[in-house]
């Protein structure tokens, strides 16, 4: 499945009943889906339907929508002649000519320039047609922003999978190192005993006591359970990235569990190389946490 980012931009436009509509939308990170629409007051009745369509497609993110209009100069406009007024003007002009003795040369072109002889009217709009056509433009804009969000989401997914692999490789080093720690402790303990007791070490120190100390140490620093759980969480991280729908919150929970296991490994390991690897894993985990904040 495709991962989806919360960051994106989409636009679409079209002409409806002599008016050009432009729909633009942009989205950024947000815990929930928060849709704000700015549009002409004449379209406010459509806001609930628009918000529902957007929230059904964009599950998370703060979405700002801008709808603007530009009236066409001539499309959808009719011109009507006020015949009665035109005749009245013509008769009045003829009377003026008769009174003054001048020839009445007022033609149609002259009469058309008289006030209110020609009346321009807009074609009556169809509310249902306007609604359906505008929602169609909105859907196209949503399609475009979803496409961009998915492109960004796939880039994030690829990077997150790379970081998950890096975590896994570091964890393998920790696991291999953890198996050698008790043996190294036994060697150090033996060397310390010999340093203190010298040639009398075998006489005054019980081998069973040493082995008991090694067992206690191994038990205190055992991290095999934490390693097993951390491996499982990395697997869940990968599975979630391939899941359908909103995955950001689920990933955030998985990261909390991973952080808990890594901290426990660091506190129990009692070994410098493992401590260094734990620091590397915590750094990588923080990078992952920052990136998943942008996933739906």
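Residue numbers (this note's numbering): 837 to 1132.
Cβ coordinates follow ideal geometry from the N, Cα and C atoms, glycine included.
Measure the C-alpha to C-alpha separation of residue 951 and residue 933 and round it to an integer number of angstroms. 20 angstroms
Going straight from the alpha carbon of residue 889 to that of residue 906, what length do you get? 24 angstroms
Nearest-angstrom beta carbon gap, residue 848 and residue 864 [assumed within contact, 8 angstroms]: In fact, because the Cβ distance is near 20 angstroms, the residues do not count as touching under 8 angstroms.
For residue 1130, count the other beta carbons within 10 Å of its own beta carbon; 16 or more makes it buried, fewer makes it exposed. Which is it? buried
Assuming the contact rule is C-beta atoms closer than 8 angstroms, residue 899 and residue 953 should be a hit. Round their C-beta distance to whole Å, please. Going by Cβ atoms, the distance from residue 899 to residue 953 rounds to 51 angstroms, so no, they are not a contact pair.
In the DSSP assignment, what are the bridge partners of residue 860? 847 and 902
Please classify residue 1001: is it buried, with 16 or more other beta-carbons within 10 angstroms of its beta-carbon, or exposed? exposed
Tell me whether residue 1017 sits in a helix, a strand or coil according to DSSP, three-state version. helix
Express the C-alpha separation of residue 972 and residue 989 in angstroms, rounding to a whole number. 25 angstroms
Quick check: the Cα distance between residue 1076 and residue 861, rounded to an integer number of angstroms? 28 angstroms
In terms of alpha-carbon separation, which member of 867, 1121, 894 and 1107 lies closest to residue 1010? 1107
Are at least three pairs of beta-carbons, each pair with one atom in the segment 864 to 878 and one in the segment 917 to 931, less than 8 angstroms apart? no
Please go through the same chain and pick out, in chain order, the residues whose beta-carbon is closer than 8 angstroms to the beta-carbon of residue 1074, but skip the five residues on each side of it. 997 and 1000
Taking all protein chains shown into account, decide if residue 1060 is buried (16 or more other Cβ within 10 angstroms of its Cβ) or exposed. exposed
Leaving out the 5 sequence neighbours to the left and right, which residues in its chain are closer than 7 angstroms to residue 974 when beta-carbon positions are compared? 859, 886 and 889
If you follow the alpha helix (DSSP H) that residue 896 is part of, which residue opens it and which one closes it? No alpha helix (DSSP H) holds residue 896; DSSP gives it neither H nor E.
Own chain, CB closer than 6 angstroms to residue 1013, minus 5 neighbours either side, in chain order: 1109 and 1110
Look at the Cβ atom of residue 992, then the Cβ atom of residue 1127, and state whether they are nearer than 7 angstroms. yes
Continuous alpha helix (DSSP H) stretch holding residue 935: start and end: 919 to 936
Counting C-beta neighbours from all protein chains within 10 Å, is the total for residue 1113 16 or more, i.e. buried, or is it exposed? buried
Provide the residue span of the beta strand (DSSP E) that contains residue 1107, from first to last. Run containing residue 1107: none; DSSP gives neither H nor E here.
Would you mind reading off the limits of the alpha helix (DSSP H) that contains residue 1075? 1060 to 1077
For residue 1093, which residues of its own chain have a beta-carbon under 8 angstroms away from its beta-carbon, when the five flanking residues on both sides are left out? 1065 and 1069
Once you ignore the five residues that flank residue 1056 on each side, which residues in its own chain have a CB closer than 8 angstroms to its CB? 1104 and 1106
Going by DSSP in three states, residue 962 sits in which element: helix, strand or coil? coil
So the candidates are 844, 1122 and 1123; which of them puts its Cα closest to the Cα of residue 982? 844
Have a look at residue 1125 and residue 1119 and give me their C-alpha separation to the nearest angstrom. 10 angstroms
Beta-carbon spacing of residue 826, residue 1095 below 7 angstroms: An answer regarding residue 826 cannot be provided, because it is not within the stretch 837 to 1132 covered by the chain.
Among residues of its own chain, excluding the 5 on either side of residue 882, which ones have a beta-carbon nearer than 7 angstroms to its beta-carbon? 967 and 970
Using DSSP with H/G/I as helix, E/B as strand and the rest coil, what is residue 889? helix
Run of the beta strand (DSSP E) containing residue 853, from where it starts to where it stops: Residue 853 -> no beta strand (DSSP E), and no H or E assigned at all.
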